[in-house]
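Protein chains in written order, with UniProt numbering: chain A, 1 to 553; chain B, 1 to 260.
Data block below; observations after.
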């Protein structure tokens, strides 16, 4: 069996597994966020937090709670890093310097997990497990909670209530994330992912040198890093590191965890709006884009072009032997499609076009299937845009799942769509106009621009993946990318909740013969087309100067 | 303000639960016999002393960085000075990087010399540097061949090729990599000339292992068949027939050789 066939089976088996769990896990997610009764543990949490679980919030109240929780998290995580040298398990690491601590704090709170630091030489075990990994859980829960509140906007009528953020947050953590992450962590541990509190073991190597075999509470963090579509590695080498991703089958598990929540949330949408076909149509759009993208990265990596790949004979630079080129390419595609940003190989050394596709994946706005929660709400905004475009063609007021899409709704949807492209392009332009920022590029020519464009794309879309050559631990990049992450996360969240509030107030529109059916293949094709065209129009000029110029020289 | 108080309390509750109880419970699970080995880093011992981890690659070179011929060699590594777990990572040079091309060519030539095969590759000079010209209207300069070297080609597109002068400024020339006549499939495998993602890759491809077998057998004075048998034993095939790619664990293979 050739590497191409094995790589195809790898993708096929993942797709099959997701198809199999779509219904049962989607149902489980649906029940977790809609069940009326609270468990005893949950009631204890509400008491400790000091909230009444029965008290639902308006869109504004929900948004304020999200922002308050995220602000408190950012400040706490910042302070945590600034005093780590005084704490238990600091391993002799010094306080993280201010710009870097800000960047890391906002990065983990926004579910981006961009890393301007190298885990093994910067962070003590306590900051990793009680700071960073906690945000891996709760930032994924925040995204999913916002998605659920957005769905309520479609599902509910004549109300201004979108649910309680505190209840959604707690339930997603306790009923979804923790019960999946814990057994996954044990499975990873069995394969060799370390889980201890030691600083490491010094060994005398065969050649007579010494080597520090590092320790750390890695397995627990690794499981939620993938499940929560976070992507921030315990080590600098991320999922390429044998202690994060030791075998070919842990590679499969990591990708399954990444896809699980984003691909099953459309089922929750279908169930909550009372038409499962609507959820399936959204999942179909996500799957179409994902399959095209995975195939493209594989094609470019397995048939390498460019001087160095041609000299080598294969695109093996930056890849691990145990995964091979194809299953590294698939990992690159799926982690950029899902806003995870984990890497099991280093994209900076990919072929020009093989590196272009992950960048485009992020530019799609992280919707295919996107991050935990953020993927669904992003895709639903694109569905709203699509019915609007379709409505313009036939000259009638657009509607989506029995809600009218009027001027107010379109304003929010359009602003949502403009936020991240503005951040990416303005950020890249500012960086390219500063000599210091240009000096951080590890490669010159078009590839240098690709590195900077990739960084701002990754930060603004809350992905966290990197063309890792760029030296991003400077005050400029730490600050600028931190701002991109913050605006790229919270502006869309506020807009989505405002849109939800506006939808929830409406009377439902009865379906008529003129209603565009939004569960048929035609609509799936239209949303796919709108997604791709919007990206192409926005980013093509920038891509032409970077990866396209490099690939077609 | 009420929101912020609730937020702070929620963060504290979740930090206790997810930041302490969850990882510490997993640390406790990692003490269970059978799990404690992997949870502690899959250490390998020899004569009671730890000599490495099954999962973490090592350099098999002497103090000066030269390969120890009695050992199978690992892949090139960008982790610190090589295979340093406290500084993991990749080289991060792009597909058109002249620096990376030079590294690939130099590694290929060195491996070819060590194993007694042709170390030539496309876009590499016989001297083991990138075959890259800066082309001007009336002449061309071989950028990686400093004077007084003789350039790898005498002419390019009808213009003479010169060696690179140390004080020369060749930025105005058109950078042109030259393919040359090296075979599509070079004798030195791809993984032998490229750094891994982690810098800690514990494996090499079976092809690279087979290439090294003759040299190791010769230096150790044992038969090549015996070395091949050990390679076979330390090769991990694709799991379930399709997961990953086959690899040979270099540390375990070298330990087995030492232990015969």
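C-beta: ideal position from N, C-alpha, C; glycine also.
No experiment lies behind these values; they were computed from the predicted model shown.
Unbroken alpha helix (DSSP H) run spanning residue i, endpoints
{"i": "residue 134 (chain B)", "result": "Looking at the DSSP string, residue 134 (chain B) is not in any alpha helix (DSSP H); the run it does join, the beta strand (DSSP E), is 132-135."}
{"i": "residue 290 (chain A)", "result": "276-302"}
{"i": "residue 159 (chain B)", "result": "Not the alpha helix (DSSP H): residue 159 (chain B) falls in the beta strand (DSSP E), residues 159-164."}
{"i": "residue 11 (chain B)", "result": "2-14"}
{"i": "residue 102 (chain A)", "result": "98-109"}
{"i": "residue 340 (chain A)", "result": "From DSSP, residue 340 (chain A) is part of no alpha helix (DSSP H); its letter is neither H nor E."}
Span of the beta strand (DSSP E), counted from its first residue to its last, around residue i
{"i": "residue 211 (chain A)", "result": "210-213"}
{"i": "residue 588 (chain A)", "result": "No answer is possible for residue 588 (chain A): the residues shown for chain A start at 1 and end at 553."}
{"i": "residue 202 (chain A)", "result": "201-204"}
{"i": "residue 105 (chain B)", "result": "Looking at the DSSP string, residue 105 (chain B) is not in any beta strand (DSSP E); the run it does join, the alpha helix (DSSP H), is 98-115."}
{"i": "residue 144 (chain B)", "result": "140-146"}
{"i": "residue 472 (chain A)", "result": "That residue, residue 472 (chain A), is in no beta strand (DSSP E); it is neither H nor E in DSSP."}
{"i": "residue 174 (chain B)", "result": "174-177"}
C-alpha distance - residue i paired with residue j, whole-angstrom precision
{"i": "residue 223 (chain A)", "j": "residue 344 (chain A)", "result": "15 angstroms"}
{"i": "residue 204 (chain A)", "j": "residue 44 (chain B)", "result": "11 angstroms"}
{"i": "residue 468 (chain A)", "j": "residue 438 (chain A)", "result": "15 angstroms"}
{"i": "residue 479 (chain A)", "j": "residue 105 (chain A)", "result": "12 angstroms"}
{"i": "residue 119 (chain A)", "j": "residue 289 (chain A)", "result": "33 angstroms"}
{"i": "residue 233 (chain A)", "j": "residue 189 (chain A)", "result": "15 angstroms"}
{"i": "residue 324 (chain A)", "j": "residue 242 (chain B)", "result": "11 angstroms"}
{"i": "residue 300 (chain A)", "j": "residue 246 (chain B)", "result": "22 angstroms"}
{"i": "residue 3 (chain A)", "j": "residue 231 (chain B)", "result": "21 angstroms"}
{"i": "residue 228 (chain B)", "j": "residue 256 (chain B)", "result": "12 angstroms"}
{"i": "residue 116 (chain A)", "j": "residue 97 (chain A)", "result": "11 angstroms"}
{"i": "residue 245 (chain A)", "j": "residue 552 (chain A)", "result": "34 angstroms"}
{"i": "residue 36 (chain B)", "j": "residue 239 (chain A)", "result": "21 angstroms"}
{"i": "residue 7 (chain B)", "j": "residue 67 (chain A)", "result": "9 angstroms"}
{"i": "residue 259 (chain A)", "j": "residue 13 (chain A)", "result": "13 angstroms"}
{"i": "residue 85 (chain B)", "j": "residue 200 (chain B)", "result": "7 angstroms"}
{"i": "residue 153 (chain B)", "j": "residue 61 (chain B)", "result": "34 angstroms"}
{"i": "residue 212 (chain A)", "j": "residue 143 (chain A)", "result": "38 angstroms"}
{"i": "residue 180 (chain A)", "j": "residue 57 (chain A)", "result": "28 angstroms"}
Coarse secondary structure for residue i, derived from DSSP in three states
{"i": "residue 203 (chain B)", "result": "strand"}
{"i": "residue 229 (chain B)", "result": "helix"}
{"i": "residue 376 (chain A)", "result": "helix"}
{"i": "residue 45 (chain B)", "result": "strand"}
{"i": "residue 478 (chain A)", "result": "helix"}
{"i": "residue 115 (chain A)", "result": "coil"}
{"i": "residue 317 (chain A)", "result": "coil"}
{"i": "residue 72 (chain A)", "result": "helix"}
{"i": "residue 183 (chain B)", "result": "coil"}
{"i": "residue 195 (chain A)", "result": "strand"}
{"i": "residue 450 (chain A)", "result": "helix"}
{"i": "residue 22 (chain A)", "result": "helix"}
{"i": "residue 462 (chain A)", "result": "coil"}
{"i": "residue 52 (chain B)", "result": "strand"}
{"i": "residue 434 (chain A)", "result": "coil"}
{"i": "residue 247 (chain B)", "result": "strand"}
{"i": "residue 61 (chain B)", "result": "strand"}
{"i": "residue 85 (chain B)", "result": "coil"}
{"i": "residue 239 (chain B)", "result": "strand"}
Neighbour list for residue i in chain C, Cβ cutoff strictly below 8 angstroms
{"i": "residue 93 (chain B)", "result": "The structure shown contains no chain C; its protein chains are A and B."}
Proximity test, residue i beta-carbon vs the ligand NAP heavy atom, cut-off 7 angstroms
{"i": "residue 9 (chain A)", "result": "Looking at this structure, you won't find the ligand NAP or any other ligand, since it has none at all."}
Which of the residues in the segment 190-205 of chain B, read from start to end, lie with their CB under 7 angstroms from any CB of chain A?
190, 191, 193, 194, 195, 196, 197, 198, 199, 200, 201, 202, 203, 204 and 205
Contact between the segment 32-49 of chain A and the segment 2-18 of chain B is defined here as three or more beta-carbon pairs at a separation below 8 angstroms; is this criterion met?
yes
Output, in sequence order along the chain, the residues in the segment 468-495 of chain A whose CB is closer than 9 angstroms to any CB in chain B.
468, 469 and 470
Give the residues from the segment 25-52 of chain B that approach chain A closer than 7 angstroms (Cβ to any Cβ), ordered along the chain.
26, 27, 29, 30, 35, 38, 39, 40, 41, 42, 43, 49, 50, 51 and 52
Along the segment 173-185 of chain B, where does the CB come closer than 8 angstroms to a CB of chain A? Name the residues.
177, 179, 184 and 185
With 7 angstroms as the C-beta to C-beta threshold (strictly closer), list the residues of the segment 132-165 of chain B near chain A in chain order.
none
Answer yes if the segment 391-405 of chain A comes into contact with the segment 508-526 of chain A, meaning at least three C-beta pairs across the two stretches below 8 angstroms, and no otherwise.
yes
Contacting positions in the segment 133-148 of chain A - beta carbon closer than 7 angstroms to chain B
133, 134, 137 and 138
Are there three or more Cβ pairs, one per stretch, closer than 8 angstroms when the segment 170-186 of chain A is compared with the segment 197-214 of chain A?
no
Three or more C-beta pairs below 8 angstroms linking the segment 250-265 of chain A and the segment 327-334 of chain A:
yes
Closer than 8 angstroms between beta carbons: that is the criterion. Which residues of the segment 216-250 of chain B meet it against chain A?
236, 238, 239, 240, 241, 242, 243, 244, 245 and 247
Contact between the segment 360-374 of chain A and the segment 124-137 of chain A is defined here as three or more beta-carbon pairs at a separation below 8 angstroms; is this criterion met?
no
Using a beta-carbon distance cut-off of less than 7 angstroms, what residues from the segment 40-70 of chain A approach chain B?
45, 48, 49, 50, 51, 64, 65, 68 and 69
Within 8 angstroms, do at least three Cβ pairs link the segment 154-168 of chain B to the segment 181-193 of chain B?
no
Does the segment 278-286 of chain A come within contact of the segment 374-384 of chain A, defined as at least 3 CB pairs closer than 8 angstroms?
yes
Quick one, which residues of the segment 183-195 of chain A are near chain B if we go by CB-CB under 8 angstroms, in chain order?
185, 186, 189, 190, 191, 192, 193, 194 and 195
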